[in-house]
Each structure stands twice: as C-alpha cells, then as structure tokens.
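Heads up: take any position in the sequence shown, counting from 1, add 1, and you land on the working numbering. Quick reminder that beta carbons are idealized off the backbone N, C-alpha and C, glycines included. Everything numeric in this text was worked out from a predicted model, so none of it was measured. Heads up, the thing below is written out as structure tokens.
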Amino acid sequence: MGEYVIDANGMEEKELNRTIKEQAKYHDKLIIDNPDSKHNICAGLTEDVEIEINGSAGYFIGTMAHGPRIHITGNAGWFAGDNMTDGELVIEGTAGDGAGQGIYGGTVIVKGNVGSRTGEIMKGGTVIIGGNSGFMTGLLMMGGKLIILGDVTEDVGESIMRGTIFVLGNVKSLGKNAVMEETTLEDQNELQEILTAYGFELADKDYANFKKIVNMQ
C-alpha cells in the first residue's frame, strides 16, 4: 500500500479527483503537491485513506466525503467540508465562509480564523475553529457540536434548531431563537476530551469559561 505522490500542477480539477479516487484504492496515504487552490478537491471521496495536501485548497474541499482523513498545510476557501458524512478535515491555516456547512458526521478543524456562517445547517459531527468566526455562526444548526476558541461577531446561533455552539472568546450578539447557558461539568469534560485529542492545549480553568449557545426552546 504505502504512499503515493500526486503533482497537481497543471491538472484540471476533474482529472485530479479521478486520480485521487483511483490511487486511494491502492495506497494508505496520498500526498498532493502544488494544489494551487483548486476547488472541489476530494469531492465525494469514500475511501479510508489519509490525504496530505501541501498548500492551499479552494472552495468545497472534501465536499460530500465519507471516510478520508484530509490534512491541509495551508488555507481553504469557502464551504470547507461541506456535507461531509464521516472522516476528518484539518486545515492548518484559515478558511472562508461556511466552514463545516451541512455536515452530517465527521470532524472539520480549522486552526486559524474563518469567515461567516460557520457550521450553517450542520446536522451532526463536530466543527472546531481555533481562531475567530464571523457573523451568523451556527446559522440554522440542526445538530452536532460547533466549538469556537476565538471570538464571534453578530447573530450567533441565528435560527438554531438543535445542536450546541461553544465559544471561548467574546460573543458580540445572539441571533433569533438562540440563548446562552452555563456549561455543565459534563460539557467541560467533553470539550477537554475533544480538544485535547486534536492538539489544542488549554488551561484547565479555560473549560469553565466556554459559553454554551443552544435553541431557546
């Protein structure tokens, strides 16, 4: 099995994805060099494979993926992890609007800042943002956990139905149907377990400082 290196320089998006899907059948790890911010990388990928992207990706990285573990050394465009059902997407840099949009399962992690509408209409899974998030974070959430370590701006949890938003930083304002609650000890222990597993190191006292945002019911 082993590793296989794909040089994406000069490849069209469809050609790159065909190559990824074909080689994922025979290798445990694929390394993609020169991604040049191409859109839709790993779209619909269902193989249990590790993907290392050396550089930045464009819109819809990992959209509708089920199973792969994707790691991006650079940044990503809008809608990172859109509609993922399983697997893992880790972005070392920043991401645009709609990170984790509509995910059903799996984990989307952005180490830096993201744009607006993070976790919009997510139904399950976990989204972790290491930096700040823009307006309408958690818009129309239907499930899952959205964890923000930085600040969020206006209308957090706008029209949230189910699911939970945890924010360590400042919250500028809540959206309609959203209410802020105290975290429970169970919440704090779960946050520590999740964040530690993905290499986020916080002081023990920080976990009690998370703000919990849910539907007002």
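Start and end of the alpha helix (DSSP H) containing residue i?
i      : result
LEU186 : 186-198
Starting from residue i, trace the beta strand (DSSP E) both ways and give me its first and last residue.
i      : result
LYS26  : First-last for LYS26: undefined, no H or E at that position.
ARG118 : Per DSSP, ARG118 belongs to no beta strand (DSSP E) and is neither H nor E.
PHE167 : 163-168
ALA179 : 179-182
ASP8   : 4-8
GLU53  : 51-55
PRO36  : Counting along the chain, PRO36 falls outside any beta strand (DSSP E), and DSSP gives it neither H nor E.
VAL128 : 127-130
GLY88  : 87-92
LYS213 : 212-216
ILE110 : 108-111
Roughly how many angstroms separate the alpha carbons of residue i and residue j, rounded to a whole number?
i      : j      : result
LEU175 : LYS212 : 12 angstroms
TYR27  : LYS112 : 30 angstroms
ALA77  : VAL180 : 31 angstroms
With a cut-off of 8 angstroms on the beta carbons, I'd call residue i and residue j a contact; round off their distance for me.
i      : j      : result
ILE62  : VAL91  : The pair is not a contact, with the Cβ atoms about 11 angstroms apart (cut-off 8 angstroms).
ARG163 : GLY144 : 5 angstroms
ILE149 : ILE130 : 5 angstroms
Use the C-beta contact count for residue i: other C-beta atoms within 10 angstroms, 16 or more gives buried, fewer gives exposed.
i      : result
ASP205 : exposed
MET137 : buried
ASN41  : buried
GLN218 : exposed
Checking contacts by CB at 8 angstroms: is residue i closer than that to chain C?
i      : result
VAL153 : Among the chains of the structure shown, chain C does not appear; only one protein chain is present.
Check the DSSP bridge columns for residue i and list the partner residues they point to.
i      : result
ARG70  : GLU51 and GLU89
MET143 : ARG163
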